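Chemist:
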Ligand code: ADP
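Residue numbers (our numbering): -16 to 349.
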């Protein structure tokens, strides 16, 4: 069992502005939790407080129901993998992986066994005699993970472990870490600024901004039901279109530049009835916009005519960029889109998939 509980945890570096602001969460045994958000939102600070590398200013941290605020890092039974790997250059892979166990005076035969077991899981067996500089970035990363595995910790912490790798290797290592989680069945807490990494790896994702937790949810819930404008725009690539709009009396939505009017289906008319005459934010994902001719005919569809600004053929799809004046729109259309820049296109917005946010507090309108 390895449960981690944070209760109203705060971190103040500066006494006026909390770097982590009232973080509460129960992380379950064997869960893979990802903390994600833009740089400076407090992800690493949260992780470092769990590791014991940073003091908790206020609040409580429990590991398996034991209060650990004052327990030093080495006694927390936690292993952390850092962004820069922190390998010792003069030691071999074996020695790097064995180092922590030696310090703990683990018997030699036990060290041998644990390092070889971990090397097998990570496919490092043939590299045990090499020094770090004779390894690729991906291999060095695996050694850093191996050093954590041999300790058989209750909880693994990862702080942006893949950000020094190139894009292709990052995708590969992402899968490897997910596989490792399935094999080891341990609790893992993983920090990244990359929403794709978060979506593909997390059982649950914690989205943070300015030290504050915005939403804790499964990847699909975050994607399909973002609680506020920030989460809506942060999760998903290309990002959700977030358009300034005003709700008008007769069941329609005017985009803020006043050129485009979108008819609201009856269900949404009711939902937005308290916002008539008010500004809202209308969100629609690029894949929920299609060419009129290709869209399924259904009552929830709204047709909007726009001039194509830029078309990007991606091979498996085309991105269409359009501009309504105050609002920019991106749509994911079919790869065989036959359109010239500047040409008008009729687009079908699937309003069944639309999101609406209060323009004042940016919270979702339910
Ligand atoms: P993230 O990991 O999301 O990029 P951090 O947790 O590193 O964010 O930082 C959160 C905030 O705390 C930032 O504003 C950062 O500048 C500040 N901060 C982080 N570490 C320190 C420190 N040692 N001293 C002062 N401020 C810090």
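No residue lacks a Cβ here, since even glycine has one placed at the ideal position from N, Cα and C.
Only a predicted model underlies this, so the values are computations on that prediction, with no experimental measurement involved.
If contacts are defined as beta-carbon pairs under 8 Å, then residue 66 and residue 143 qualify, I think. What distance do you get, rounded to the angstrom?
Modeler: Sure, about 4 Å apart at Cβ, within 8 Å.
Chemist: Looking at residue 54: is its Cβ nearer than 8 Å to the Cβ of residue 138?
Modeler: In this structure, residue 138 does not lie closer than 8 Å to residue 54 by Cβ.
Chemist: Round the Cβ separation of residue 247 and residue 236 to the nearest angstrom and send it over; I've been treating them as touching at under 8 Å.
Modeler: About 6 Å; that satisfies the 8 Å criterion.
Chemist: Out of 109, 96, 261 and 219, point me to the one whose CA is closest to residue 133's CA.
Modeler: Residue 133 has its Cα closest to that of 96, out of 109, 96, 261 and 219.
Chemist: Contact between the segment 164 to 172 and the segment 198 to 206 is defined here as three or more beta-carbon pairs at a separation below 8 Å; is this criterion met?
Modeler: As far as the Cβ criterion goes, the segment 164 to 172 does not touch the segment 198 to 206, which means the pair count is below three.
Chemist: I believe residue 251 touches residue 334 by the beta-carbon criterion, under 8 Å. Please report the beta-carbon distance rounded to the nearest angstrom.
Modeler: The Cβ separation is near 6 Å, so the contact holds.
Chemist: Looking at C-beta atoms only, is the number of pairs between the segment 19 to 30 and the segment 180 to 190 that lie closer than 8 Å three or more?
Modeler: Counting Cβ pairs under 8 Å, three or more are found: they touch.
Chemist: Would you say residue 304 lies against chain B (beta-carbon separation less than 8 Å)?
Modeler: As a matter of chain content, chain B is missing from the structure shown, which is built from one protein chain.
Chemist: What separation, rounded to the nearest whole angstrom, lies between the Cα atoms of residue 48 and residue -13?
Modeler: If I take the Cα positions, the gap works out to 8 Å.
Chemist: Pick from 126, 322 and 103: whose alpha carbon is nearest that of residue 79?
Modeler: Looking at the Cα atoms, 126 is the closest of the given residues.
Chemist: Would you mind listing the beta strand (DSSP E) stretches within the segment 295 to 348 that are 3+ residues and don't spill past its ends, in chain order?
Modeler: 301 to 306, 311 to 316, 327 to 333 and 338 to 341, all fully within the segment 295 to 348.
Chemist: Rounded to a whole number of angstroms, what is the C-alpha to C-alpha distance between residue 264 and residue 195?
Modeler: About 22 Å.
Chemist: To which residues of the same chain is residue 120 closer than 7 Å at the C-beta, ignoring the five residues directly before and after it?
Modeler: Once the five neighbours on either side are set aside, the close Cβ partners of residue 120 are 147, 148 and 152.
Chemist: Along the chain, where does the beta strand (DSSP E) that runs through residue 161 open and close?
Modeler: That residue, residue 161, is in no beta strand (DSSP E); its alpha helix (DSSP H) goes 150 to 167.
Chemist: In three-state DSSP terms, what is residue 70?
Modeler: Residue state, collapsed to three classes: coil.
Chemist: With residue 274 as the anchor, note down where its beta strand (DSSP E) starts and where it stops.
Modeler: Its beta strand (DSSP E) spans residues 272 to 274.
Chemist: On the DSSP bridge assignment, give the partners of residue 1 in chain order.
Modeler: Beta-bridge pairing links residue 1 to -5.
Chemist: Take the Cβ of residue 301 as the centre, count every other Cβ of all protein chains shown within 10 Å, and call the residue buried at 16 or more, exposed below.
Modeler: Per the 10 Å Cβ criterion, buried.
Chemist: Which of the three DSSP states, helix, strand or coil, is assigned to residue 49?
Modeler: The answer is strand: DSSP assigns residue 49 an E or B state.
Chemist: Using 7 Å as the cut-off, classify the Cβ of residue 358 as near or not near the heavy atoms of the ligand ADP, replying yes or no.
Modeler: Nothing about residue 358 can be read from this structure; the chain reaches only from -16 to 349.
Chemist: Shorter than 7 Å, the distance from the beta carbon of residue 279 to the closest heavy atom of the ligand ADP, or not?
Modeler: Every heavy atom of the ligand ADP is 7 Å or more from the Cβ of residue 279, so no.
Chemist: From residue 158 to residue 18, what distance separates their C-alpha atoms?
Modeler: The alpha-carbon atoms of residue 158 and residue 18 are separated by roughly 18 Å.
Chemist: If residue 292 sits next to residue 306, beta carbons under 8 Å apart, how far is it from one beta carbon to the other, in whole angstroms?
Modeler: At roughly 5 Å, the Cβ-Cβ gap stays under 8 Å, so residue 292 and residue 306 are in contact.
Chemist: With hydrogens ignored, establish whether the beta-carbon of residue -5 is closer than 7 Å to any heavy atom of the ligand ADP.
Modeler: No, since every heavy atom of the ligand ADP falls outside the 7 Å radius drawn around the Cβ of residue -5.
Chemist: Name the two residues that bound the continuous alpha helix (DSSP H) containing residue 94.
Modeler: Segment 91 to 104, the alpha helix (DSSP H) holding residue 94.
Chemist: So, at 6 Å on beta carbons, what are the nonlocal neighbours of residue 273 in its own chain, with the 5 sequence-adjacent residues on each side left out?
Modeler: Excluding positions up to five away in sequence, the list reads 331.
Chemist: Could you please give the first and the last residue of the uninterrupted alpha helix (DSSP H) stretch that includes residue 107?
Modeler: Segment: none, residue 107 is in no alpha helix (DSSP H) and carries neither H nor E.
Chemist: For residue 320, collect the residues of the same chain with a Cβ closer than 8 Å to its Cβ; drop the 5 residues on either side in sequence, then sort them by chain order.
Modeler: Excluding residues within five positions, the ones whose Cβ falls inside 8 Å are 274, 294, 296, 301 and 303.
Chemist: Cβ of residue 176 within 8 Å of Cβ of residue 20?
Modeler: Going by C-beta atoms, residue 176 is nearer than 8 Å to residue 20.
Chemist: On a CA-only basis, which of 228, 249 and 234 is nearest residue 241? Give me that one, please.
Modeler: Selected option, being the one with the closest Cα: 228.
Chemist: Going by beta carbon distance, what residues of the same chain come within less than 6 Å of residue 141, once the five residues before and after it are set aside?
Modeler: Result list for residue 141: 64 and 173, in chain order.
Chemist: Is residue 3 buried or exposed, if buried means 16 or more other CB atoms sit within 10 Å of its CB?
Modeler: Buried.
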